[in-house]
Every structure is written in C-alpha cells, then in structure tokens.
Amino acid sequence: RNPFTGEAFVPMDECLARCVIDFSGRPYLVWRGLDGRAYRRLTRAEREQDMSSSFRFGLAREFFQGFANEARCNLHLELLYGEEPHHVVEALFKAFAKAVDFACQKDPRTAGRIPSTKGTLTS
Numbered sequence: 000r001n002p003f004t005g006e007a008f009v010p011m012d013e014c015l016a017r018c019v020i021d022f023s024g025r026p027y028l029v030w031r032g033l034d035g036r037a038y039r040r041l042t043r044a045e046r047e048q049d050m051s052s053s054f055r056f057g058l059a060r061e062f063f064q065g066f067a068n069e070a071r072c073n074l075h076l077e078l079l080y081g082e083e084p085h086h087v088v089e090a091l092f093k094a095f096a097k098a099v100d101f102a103c104q105k106d107p108r109t110a111g112r113i114p115s116t117k118g119t120l121t122s
C-alpha cells in the first residue's frame, strides 16, 4: 500500500461514515451524502438539544476543504447513512482521524524501499 494512504469506516449509533485519504500532493475534497444537510435550517428541537447541534455541517465541510488544500491531500468523506446531526459530525471527524492515523503509520513491508509503484530511474 502507499504508505501515505489511509481509510476508515466509523459507526456512530444510527450513522456510518467513511473516510479515505491520500497524501499525494494533489488537494481535492469529495463530500458525499451530506449536501442536503450542510446548509439546512436546524429545527427548534435540534437547536435546544445541546450545543453540538448548533454546529453547522457547512463548517465541517469548510474545515475538511481547508485541510485538503493545505495538506495537499486527496480526501474523500462520505456519510453512508444517518440522521442525527451530532452523530453525523462525530462520525465524520472520527473516521477522518482514524484514516489520518492509519496513513501516518509505518508499513513494515516497505522498509528500505522507495514508496512508488513506478520504481526508480537507473543510468
């Protein structure tokens, strides 16, 4: 595997989120399954539930877009299913953290080798 690639699925109650990341030097964000929720108005019950419910999905997207741009990584985030705003946001951030952690771990299979599928140039 590319030593700078990670992936994670995270369940959070009724939600399931997936994150795949590749620190490839090419910034790009894929944001799926969340567009309808990103900018919708919260119901009164959601606003009164707790402070985390006032967190806007649009802010999460802005965070991940900024991360992808500055880390120069290809970042795919997807909500496979789920409704509760707090659980959705928590599942996304947890999947992201696990994928980044996995991407940053050393792979013993590539010890002493150049991490490339193309090999090296020789004279």
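In the numbering used here, the protein residues as written are 0 to 122. Every residue gets a Cβ at the ideal spot worked out from N, C-alpha and C, and that includes glycine.
Check, Outcome
"With a Cβ-Cβ cutoff of 8 Å, do Ala94 and Arg31 count as a contact?", "no"
"Going by DSSP in three states, Phe8 sits in which element: helix, strand or coil?", "strand"
"Leaving aside the five residues before and after Glu13 along the sequence, list all residues of the same chain whose C-beta is less than 8 Å from its C-beta, in chain order.", "Tyr80, Gly81, Glu82, Glu83, His86"
"Might you give, ordered along the chain, the residues of its own chain that have their beta carbon closer than 6 Å to the beta carbon of Phe8, omitting 5 neighbours on each side?", "Arg17"
"Leaving out five residues on either side along the sequence, give the residues of the same chain with a beta carbon under 6 Å from the beta carbon of Ser23.", "Asn73"
"Report the rounded CA-to-CA distance for Asp21 versus Ala96, giving the unit in angstroms.", "13 Å"
"State the CB to CB distance for the pair Phe63 and Leu76, rounded to an integer number of angstroms; the pair is presumed to be in contact (CB under 8 Å).", "6 Å"
"Going by alpha carbons, who is nearest to Met5 out of Asp100, Thr109, Arg108?", "Before going on, a small fix: residue 5 reads as Gly here, not Met. Closest option to Gly5, Cα to Cα, is Asp100."
"Could you tell me which residues DSSP puts in a beta bridge with Leu28?", "Leu74"
"Mind reading off the beta-carbon distance from Arg25 to Arg71? Whole number of angstroms is fine, and I expect it under 8 Å.", "7 Å"
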